[in-house]
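Step one of this worksheet: look at the structure below.
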Amino acid sequence: MLAAGLQQFSCAPAQGSGRCVKEGADVPPPPPLLRGRVLFQDFGEMQLPSFPPAVFQLQHLEELHLEGNLIEEIPPQIGRLRRLRVLYLNGNRLQQVCEELGELQRLQSLDLSDNPLNCSALTETLCRLRQLRELRLYHTNLKQLPGQLCKKLRHLQLLGLSGNKLESLPWEIRSLSELQQLYLQCNNLQVLPVGFCQLHHLEVLDLRDNGMISLPDDINCLQNLKHLYLADNNLGFIPQTLSSCSSLCVLDISRNSLDPHYLCPLPGSLAELDLSGNRLHTVPAVVCKLGAALQLLYLKNTHIKSLSCCFSQLTGLRLLDLSQNVLRYFPKQICSLGHLEVLSLDDSKLKEVAPGIKNLSKLKTLGLTGNRFRAFPQEICFVKSLEKLYLGQDHGMKFIHIPEEISQLVNLRELYLENNEIEFLPSTTGLLRNLVVLDCHENRLLELPQSIVDIPGLKHLLASCNRIRHLPTNFDKLKNLEIVSLERNPLEKPLDEICHKGVSAIFQYFEKLKTQNLKATKIQAWWRGQMVRKELGPFKNLFPKKDKKGKKDKGKEEKGKQQKEKKK
Numbered sequence: 001m002l003a004a005g006l007q008q009f010s011c012a013p014a015q016g017s018g019r020c021v022k023e024g025a026d027v028p029p030p031p032p033l034l035r036g037r038v039l040f041q042d043f044g045e046m047q048l049p050s051f052p053p054a055v056f057q058l059q060h061l062e063e064l065h066l067e068g069n070l071i072e073e074i075p076p077q078i079g080r081l082r083r084l085r086v087l088y089l090n091g092n093r094l095q096q097v098c099e100e101l102g103e104l105q106r107l108q109s110l111d112l113s114d115n116p117l118n119c120s121a122l123t124e125t126l127c128r129l130r131q132l133r134e135l136r137l138y139h140t141n142l143k144q145l146p147g148q149l150c151k152k153l154r155h156l157q158l159l160g161l162s163g164n165k166l167e168s169l170p171w172e173i174r175s176l177s178e179l180q181q182l183y184l185q186c187n188n189l190q191v192l193p194v195g196f197c198q199l200h201h202l203e204v205l206d207l208r209d210n211g212m213i214s215l216p217d218d219i220n221c222l223q224n225l226k227h228l229y230l231a232d233n234n235l236g237f238i239p240q241t242l243s244s245c246s247s248l249c250v251l252d253i254s255r256n257s258l259d260p261h262y263l264c265p266l267p268g269s270l271a272e273l274d275l276s277g278n279r280l281h282t283v284p285a286v287v288c289k290l291g292a293a294l295q296l297l298y299l300k301n302t303h304i305k306s307l308s309c310c311f312s313q314l315t316g317l318r319l320l321d322l323s324q325n326v327l328r329y330f331p332k333q334i335c336s337l338g339h340l341e342v343l344s345l346d347d348s349k350l351k352e353v354a355p356g357i358k359n360l361s362k363l364k365t366l367g368l369t370g371n372r373f374r375a376f377p378q379e380i381c382f383v384k385s386l387e388k389l390y391l392g393q394d395h396g397m398k399f400i401h402i403p404e405e406i407s408q409l410v411n412l413r414e415l416y417l418e419n420n421e422i423e424f425l426p427s428t429t430g431l432l433r434n435l436v437v438l439d440c441h442e443n444r445l446l447e448l449p450q451s452i453v454d455i456p457g458l459k460h461l462l463a464s465c466n467r468i469r470h471l472p473t474n475f476d477k478l479k480n481l482e483i484v485s486l487e488r489n490p491l492e493k494p495l496d497e498i499c500h501k502g503v504s505a506i507f508q509y510f511e512k513l514k515t516q517n518l519k520a521t522k523i524q525a526w527w528r529g530q531m532v533r534k535e536l537g538p539f540k541n542l543f544p545k546k547d548k549k550g551k552k553d554k555g556k557e558e559k560g561k562q563q564k565e566k567k568k
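What follows is the structure, encoded as structure tokens:
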């Protein structure tokens with residue numbers, strides 16, 4: 001069905017638009033142009049084949065958005081917009097830019113990303129834009145960065161070159177003396193050019209997903225560097241001089257080939273560190289020395305078996321990711337991290353949870369999916385600050401029972417129990433009054449607890465692939481429910497068909513059922529009243545009692561008649 005639907009629609013090539021246009025449908029007209037002193041116009045994501053002609057009459061225009069359209073060329077009239085400061089043309093079909101674009105001497109921000117540009121013809125025009133502060137050329141098949149461009153655009157503060165085919169950078173890049181942000185993700189760079197570290201104002205350097213094998217030794221010259229992204233490269237070590245980058249607060253060296261024995265000291269200013277995907281086997285001592293300054297630490301899939309005693313020195317940690325390791329036992333050092341808010345221990349072969357977890361009074365998110373617990377770790381129920389709890393067992397041992405004590409998690413907003421073997425949710429589930437998401441799909445649930453209707457804010461109920469035959473009465477009390485998933489359950493008719501139609505259809509069904517029950521009750525009450533008015537006695541006495549074999553007790557009836565006659 002999905003494939004058939006896609007054949008009827010053609011998606012717009014706009015980046016991240018999420019908009020589809022039906023074939024043969026009329027292109028929606030652009031919004032009316034404002035007259036007078038117009039400073040801003042947005043024609044983004046409108047499937048326009050060209051510039052709206054009237055836009056060139058807006059002499060005061062300073063910002064123009066035309067991203068995500070079908071424009072193939074920039075008309076020469078662009079030169080009339082002499083006051084233009086911001087121009088977004090990303091996500092179009094441009095192959096060239098006209099010479100008149102170079103006449104926009106006030107232009108400060110230009111985005112030509114995601115266009116099939118002929119970059120060799122681009123340089124001369126761009127070099128004339130001397131006031132340019134931001135230039136984005138993401139995904140434009142750029143094979144080299146012209147050195148002339150670096151010499152002329154000396155005021156650039158942001159240069160975006162990610163998603164191209166660069167194998168090297170020109171030495172002239174040192175001329176960009178005001179550069180603050182440089183994005184080079186997904187290229188083919190192995191080293192940085194000599195003199196690169198003369199970019200003294202650089203604050204953000206993104207070199208993810210290249211072929212980097214080393215960093216320059218004079219990287220300590222980048223004293224203003226705050227964010228350094230080096231993930232998915234071939235780095236075996238980082239230079240000792242990096243420790244002198246006193247402004248560095250975010251360092252991502254995930255998925256490299258780091259040798260933990262040659263890991264040099266790290267800048268004491270680090271607040272976020274990602275070492276995921278490296279074979280560390282243990283947490284390096286240089287990490288523990290960061291102390292209270294470190295707030296976010298990612299150690300996913302680093303083959304760690306245990307934590308050293310010095311790990312408890314990281315008292316400022318707010319997020320800790322130790323997922324996909326081989327811990328087996330819950331590290332007690334974690335229990336002393338009083339500021340911890342997010343803890344991920346998914347797929348770490350854990351068998352138990354330490355009782356000391358209750359000391360994590362600020363913990364809001366806990367991930368324990370895919371572990372080897374023999375039973376539900378009841379220690380979790382004492383972490384009353386929890387808001388999100390992940391206990392799905394895609395790869396681990398399955399839970400068959402959820403304790404009633406889970407109701408103590410009064411702040412819980414999201415509960416994930418998918419892929420277990422749970423037959424019943426506890427009746428105390430309804431005490432989780434702040435719950436918004438309940439995911440219990442792929443279990444063996446025979447029913448949902450009646451108390452679930454007492455959760456006023458529940459929005460997402462995911463219970464597909466269970467053994468549920470009916471829904472709780474008063475299910476329509478869940479007025480905030482937005483998503484209900486009950487596929488692949490043996491629901492009774494007509495509920496099985498109604499559930500496929502969505503939440504509103506389910507609510508209508510329950511309202512109709514209530515109306516029918518109310519009518520039946522009124523009729524029954526009327527009938528009972530009629531029988532009493534005919535002096536046949538209370539309703540319960542209208543029918544003679546039966547013995548164990550189902551026969552009426554005739555003897556008692558005759559005795560009753562005789563007693564009445566004597567009284568008369």
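Read left to right, the sequence shown gives residues 1 to 568 (the UniProt record's numbering).
Note that CB positions come from ideal geometry on N, CA and C, so glycine has one too.
Between the segment 80–96 and the segment 57–71 there are three or more inter-stretch CB-CB distances shorter than 8 Å, so the stretches are counted as touching. Where residue 287 is concerned, there is no enclosing beta strand (DSSP E), although the alpha helix (DSSP H) around it starts and stops at 285–288.
By the criterion of a C-beta distance shorter than 8 Å, residue 281 is surrounded in its chain by 260, 302, 303, 304, 305, once the five residues flanking it on both sides are discounted.
Counted as a single uninterrupted DSSP element, the alpha helix (DSSP H) harbouring residue 498 occupies residues 495–499.
DSSP places residue 181 in the uninterrupted beta strand (DSSP E) bounded by 181–183. Under the DSSP assignment, residue 41 falls in the beta strand (DSSP E) whose first and last residues are 40–42. Just so you know, the alpha carbons of residue 256 and residue 203 end up roughly 22 Å apart.
Unbroken beta strand (DSSP E) stretches of 3 residues or longer found wholly inside the segment 234–295: 250–252, 272–274, given in chain order. Assigned with DSSP and collapsed to three states, residue 509 falls in helix.
Rounded to whole angstroms, residue 121 and residue 219 show a C-alpha spacing of 34 Å.
Non-local beta-carbon contacts of residue 182 in its own chain, meaning distances under 6 Å to residues more than five positions away in sequence, involve 159, 205 in chain order.
For residue 152, the uninterrupted alpha helix (DSSP H) run begins and ends at 147–152, by DSSP.
Judged by their CB atoms, residue 251 and residue 273 are nearer to each other than the 8 Å cut-off.
Note on residue 300: 16 or more other CB atoms within 10 angstroms of its CB, so buried under the neighbour-count rule. Residue environment for residue 295: buried (at least 16 other C-beta atoms within 10 angstroms of its C-beta). Between residue 266 and residue 297, the gap from beta carbon to beta carbon reaches 8 Å or more.
Here residue 331 is buried: its Cβ has 16 or more other Cβ atoms, across all protein chains shown, within 10 Å. Nearest Cα to residue 381 within the set 50, 363, 372, 178: 363. If only uninterrupted beta strand (DSSP E) runs of at least 3 residues are considered, those enclosed by the segment 433–499 are 437–439, 460–462, 483–485.
If the five residues before and after residue 224 are omitted, its C-beta is found closer than 7 Å to the C-beta atoms of 200, 201, 202, 203, 247, all from its own chain and listed in chain order.
Between the beta-carbon of residue 340 and that of residue 360 there is about 5 Å, and that keeps the pair under the 8 Å contact cut. DSSP places residue 55 in the helix class (H, G or I) of the three-state scheme.
Taking the Cβ atoms as the reference, residue 451 lies roughly 3 Å from residue 430, within the contact range of under 8 Å. DSSP places residue 404 within a helical segment (H, G or I) once states are collapsed to three. Per DSSP, reduced to three states, the secondary structure at residue 356 is helical. The straight-line gap separating the alpha-carbon atoms of residue 506 and residue 376 is approximately 33 Å. Residue 342 carries a strand assignment under DSSP once its states are collapsed to helix, strand and coil. Here residue 393 is buried, its C-beta having at least 16 other C-beta atoms within 10 Å.
With contact defined as three or more Cβ pairs closer than 8 Å, the segment 470–478 and the segment 426–440 are not in contact. Residue 172 and residue 189 do not touch by the CB rule: their CB atoms are close to 16 Å apart, not below 8 Å.
It is roughly 25 Å from the alpha-carbon of residue 501 to the alpha-carbon of residue 417. Residue 268 sits exposed, since fewer than 16 C-beta atoms from the chains shown fall within 10 Å of its C-beta. The closest CA to that of residue 139, considering only 493, 249, 56, 164, is found on 164.
In this structure, DSSP gives residue 387 a state outside helix and strand, which the three-state scheme calls coil. Cα atoms of residue 320 and residue 373: separation of roughly 21 Å, rounded to the nearest angstrom. Within the same chain, 162, 163, 209 come within 6 Å of residue 186 by CB-CB distance, once the 5 residues on both sides are set aside.
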